[in-house]
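Trainee: Positions in the sequence shown are counted from 1; adding 4 to them yields our numbering. Where a beta carbon is used, it is the ideal one built from N, C-alpha and C, also for glycine.
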Amino acid sequence: MHDTLLLIIDMQNAYLPKQPWQCANILDIIPKIQTLCENFNRNYDIVFTRFIASKNPVGTWLNYNIKYDDINQSTFLNEIISNFKPYLEEYPVVDKSTYSCYKNDILKELIDSHKKVAICGVVADCCILSTALDIIDVGKPLIYLQDAIGEYKQNSGKAVLDIMDNMKLHVNTIHVEDFLH
Numbered sequence: 005m006h007d008t009l010l011l012i013i014d015m016q017n018a019y020l021p022k023q024p025w026q027c028a029n030i031l032d033i034i035p036k037i038q039t040l041c042e043n044f045n046r047n048y049d050i051v052f053t054r055f056i057a058s059k060n061p062v063g064t065w066l067n068y069n070i071k072y073d074d075i076n077q078s079t080f081l082n083e084i085i086s087n088f089k090p091y092l093e094e095y096p097v098v099d100k101s102t103y104s105c106y107k108n109d110i111l112k113e114l115i116d117s118h119k120k121v122a123i124c125g126v127v128a129d130c131c132i133l134s135t136a137l138d139i140i141d142v143g144k145p146l147i148y149l150q151d152a153i154g155e156y157k158q159n160s161g162k163a164v165l166d167i168m169d170n171m172k173l174h175v176n177t178i179h180v181e182d183f184l185h
C-alpha cells in the first residue's frame with residue numbers, strides 16, 4: 005500500500021459528449037486520467053467510483069432520483085467510460101449514491117487508510133467539490149489534479165479551483181505532469 009490514494013470519480017458514459025450530463029472538457033481529461041492509471045505503481049493506489057442511484061433515497065435524493073430516473077436506469081450511461089475498461093481489471097470500482105465519496109463506508113475506509121488523497125474525475129462543482137470538502141474536514145491532505153477534473157459547463161470548474169487555491173493549507177492544486185514527477 006502506498007501513502008497516496010488516487011480517487012477517480014465517476015468517469016461514466018453519462019458525461020461523454022452528446023450524453024445527458026455532458027462535461028465540457030471530458031475529452032481533455034480522459035487522456036490525463038489514463039496517464040495517471042498507467043503510472044500508478046510509482047507512488048499511489050487507485051480506486052474508481054461510480055454514481056449509482058440509491059434504491060432507498062432519502063431527502064433531496066428522492067427528487068433527484070425521480071428527475072433523473074431515465075439516466076439512473078440506463079446500463080450504458082452508468083458504465084465506466086470504455087477508455088478505462090482495461091484498468092478496471094486491476095483497480096476496484098466502488099459505487100456511491102451521493103455526491104461525496106466520503107459518505108460511502110468502503111470509500112471512507114480507503115481514504116482514511118492513506119496519508120493523502122489525489123482527486124480527479126467529474127464533476128468539479130458537484131462530486132469533486134463535495135468529496136474534496138469532506139476530505140479536508142477530516143484533516144486529510146488533498147491533491148487537486150486541476151487538469152484532470154471535468155466541468156459541467158465551460159469554465160464552471162474555475163470557481164472550484166479558486167476555492168481549492170484559497171485552501172492551500174489543506175490542498176495542493178497541481179497538474180497531472182507535476183504530480184507524476
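Count the CB pairs spanning the region 139-147 and the region 106-120 that are closer than 8 Å, and state whether there are at least three.
Mentor: Yes, the region 139-147 is in contact with the region 106-120.
Trainee: Is the beta carbon of residue 59 sitting closer than 9 Å to the one on residue 124?
Mentor: No. Outside cutoff.
Trainee: Express the C-alpha separation of residue 38 and residue 180 in angstroms, rounding to a whole number.
Mentor: Roughly 11 Å separates the two Cα atoms.
Trainee: In three-state terms, what does DSSP make of residue 37?
Mentor: Three-state result, residue 37: helix.
Trainee: Within a Cβ cutoff of 7 Å, which residues of the same chain sit near residue 157, ignoring the five residues on either side of it in sequence?
Mentor: Result list for residue 157: 28, in chain order.
Trainee: Residue 63 to residue 101, Cα distance in whole Å?
Mentor: The straight-line gap from Cα to Cα measures roughly 13 Å.
Trainee: Between which two residues does the beta strand (DSSP E) carrying residue 148 extend?
Mentor: 146-153 is the span of the beta strand (DSSP E), which, as asked, contains residue 148.
Trainee: Considering only C-alpha positions, which residue in the set 84, 22, 19 and 21 is nearest to residue 52?
Mentor: The option with the nearest alpha carbon to residue 52 is 84.
Trainee: By the DSSP assignment, the alpha helix (DSSP H) with residue 87 in it spans what residues?
Mentor: Premise fails: residue 87 is in no alpha helix (DSSP H) and is neither H nor E.
Trainee: Do residue 105 and residue 165 have their CB atoms nearer than 9 Å?
Mentor: It is not a contact, given that the beta carbons lie outside the stated cut-off.
Trainee: From residue 5 to residue 111, what distance separates their C-alpha atoms?
Mentor: So the two alpha carbons sit approximately 15 Å from each other.
Trainee: When we look at the beta-carbon of residue 169 and count the other beta-carbons within 10 Å, is it buried (16 or more) or exposed?
Mentor: It is exposed - the Cβ of residue 169 has fewer than 16 other Cβ atoms within 10 Å.
Trainee: Considering only C-alpha positions, which residue in the set 122, 30 and 43 is nearest to residue 91?
Mentor: Residue 43 is the option with its Cα nearest to residue 91.
Trainee: Between residue 21 and residue 31, how many whole angstroms is the CB-CB distance? I'm expecting something under 8 Å.
Mentor: Confirmed, about 7 Å.
Trainee: Considering Cα atoms alone, identify which of 174, 76 and 160 is closest to residue 16.
Mentor: Answer by Cα proximity: 76.
Trainee: For my contact list, residue 153 and residue 128 are in at a C-beta cut-off of 8 Å; report their separation, rounded to the angstrom.
Mentor: With 8 Å as the limit, residue 153 and residue 128 qualify as a contact, their Cβ atoms being about 5 Å apart.
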